[in-house]
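*Asks:*
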Amino acid sequence: MQLSKYSIGVGDRFGMQARAQLSAIIEARSLALCVVPVWNKSNREHSIIGTGPLEQRAAVEEAIRDYAFTGEYHVDADHINMSNVEQFIEACDFFTLDVADFSGKAAEPQAIRDFLQRHQDLIGQRLDIEGVEEGLCASSEEAEAIAGKYLLAVQEAGRLYRHIAAQKGEGNFIAE
206 MQLSKYSIGV GDRFGMQARA QLSAIIEARS LALCVVPVWN KSNREHSIIG
256 TGPLEQRAAV EEAIRDYAFT GEYHVDADHI NMSNVEQFIE ACDFFTLDVA
306 DFSGKAAEPQ AIRDFLQRHQ DLIGQRLDIE GVEEGLCASS EEAEAIAGKY
356 LLAVQEAGRL YRHIAAQKGE GNFIAE
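FYI, the numbering for the sequence shown is 206 to 381, going by the numbering used here.
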């Protein structure tokens, strides 16, 4: 599953706004602005108002039926991690992986060494990015510092992604 070029995060915080939000999406489409709505709600938001992902999905589906909407749309498990992903698996098809707790924490030294060894070909290579004037180029020391800061978060994102894929099937969801 792939997200269309233009999407908009739609936060129906109280489970009562999906119809109005979808109406705005339909109006935008009538003006040739084709955006895909992604209804998002985090575990924290669900716990504050006493809802769950299945209720969020039901509110979205009701609005979709009411308007006979045939366009693409998604329901997002917003800012999820391994401690709360399970409750979102059935209801959601879009997952915003939150691994911020792992950023800045070092991975195991051997994992860092293995990573740098596997990606030796990228060290010292210029990486050109459209819109960035100067290309990026990391020395061995810089690559090690970057891996030291972010590899653990990347590993956790991979673990979370594989967990979701094992249950939903590869290609049956969007991860960001």
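Backbone N, C-alpha and C fix where the C-beta goes; we use that ideal spot for every residue, glycine too.
Tell me the rounded alpha-carbon separation between Tyr-366 and Val-290.
*Replies:* Along the sequence shown, one-based indexing puts residue 366 at 161. Along the sequence shown, one-based indexing puts residue 290 at 85. Roughly 10 angstroms separates the two Cα atoms.
*Asks:* Whole angstroms are fine: how far does the CA of Val-240 sit from the CA of Tyr-211?
*Replies:* Taking the first residue of the sequence shown as 1, we reach residue 211 at position 6. Taking the first residue of the sequence shown as 1, we reach residue 240 at position 35. If I take the Cα positions, the gap works out to 5 angstroms.
*Asks:* Answer yes or no: do Arg-218 and Ala-268 have a C-beta to C-beta separation smaller than 8 angstroms?
*Replies:* Sequence index remark: in the sequence shown, residue 218 carries index 13 (1-based). Sequence index remark: in the sequence shown, residue 268 carries index 63 (1-based). For Arg-218 and Ala-268, no; Cβs fall outside 8 angstroms.
*Asks:* Given that a residue counts as buried once 16 or more other Cβ atoms are within 10 Å of its Cβ, and exposed if not, what is His-324?
*Replies:* Taking the first residue of the sequence shown as 1, we reach residue 324 at position 119. Its Cβ having fewer than 16 others within 10 Å, His-324 is exposed.
*Asks:* Between Thr-301, Gln-322, Val-280, which has its C-alpha nearest Glu-346's C-alpha?
*Replies:* By 1-based counting over the sequence shown, the position of residue 346 is 141. Of the listed residues, the one whose Cα sits closest to Glu-346 is Gln-322.
*Asks:* Take the Cβ of Asp-283 as the centre, count every other Cβ of all protein chains shown within 10 Å, and call the residue buried at 16 or more, exposed below.
*Replies:* Stepping through the sequence shown from its first residue, residue 283 is reached at position 78. That one is buried.
*Asks:* Given a cut-off of 8 angstroms, decide if Arg-262 and Val-280 are closer than it, judged by their beta-carbon atoms.
*Replies:* Residue numbering aside, residue 280 sits at position 75 when the sequence shown is read from its first letter. Residue numbering aside, residue 262 sits at position 57 when the sequence shown is read from its first letter. Yes, they are a contact pair.
*Asks:* Would you grab the beta carbon distance between Glu-361 and Val-304 for me? Rounded to a whole angstrom, and I think it's under 8 angstroms.
*Replies:* To locate residue 361, count along the sequence shown from 1; it is residue 156. To locate residue 304, count along the sequence shown from 1; it is residue 99. The Cβ separation is near 5 angstroms, so the contact holds.
*Asks:* Does the count of Cβ pairs from the segment 347-356 and the segment 304-314 closer than 8 angstroms reach three?
*Replies:* Judged by Cβ distances under 8 angstroms, the segment 347-356 makes contact with the segment 304-314, as three or more pairs qualify.
*Asks:* What residues are listed by DSSP as bridge partners for Ser-247?
*Replies:* One-based indexing of the sequence shown puts residue 247 at position 42. Partner(s): Asp-283.
*Asks:* Which residues mark the beginning and the end of the beta strand (DSSP E) in which Gly-214 is found?
*Replies:* Translated into the one-based positions of the sequence shown, residue 214 becomes position 9. Residues 212-215.
*Asks:* Buried or exposed: where does Pro-314 fall if 16 or more other Cβ atoms within 10 Å of its Cβ makes it buried?
*Replies:* In the sequence shown, the residue the question calls residue 314 occupies position 109. It counts as exposed.
*Asks:* Taking Ile-369 and Ile-294 to be in contact with their CB atoms under 8 angstroms, please state how far apart those CB atoms are, rounded to whole angstroms.
*Replies:* Residue mapping note: residue 369 aligns to position 164 of the sequence shown, counting from 1. Residue mapping note: residue 294 aligns to position 89 of the sequence shown, counting from 1. With a Cβ gap of about 7 angstroms, Ile-369 and Ile-294 count as contacting.
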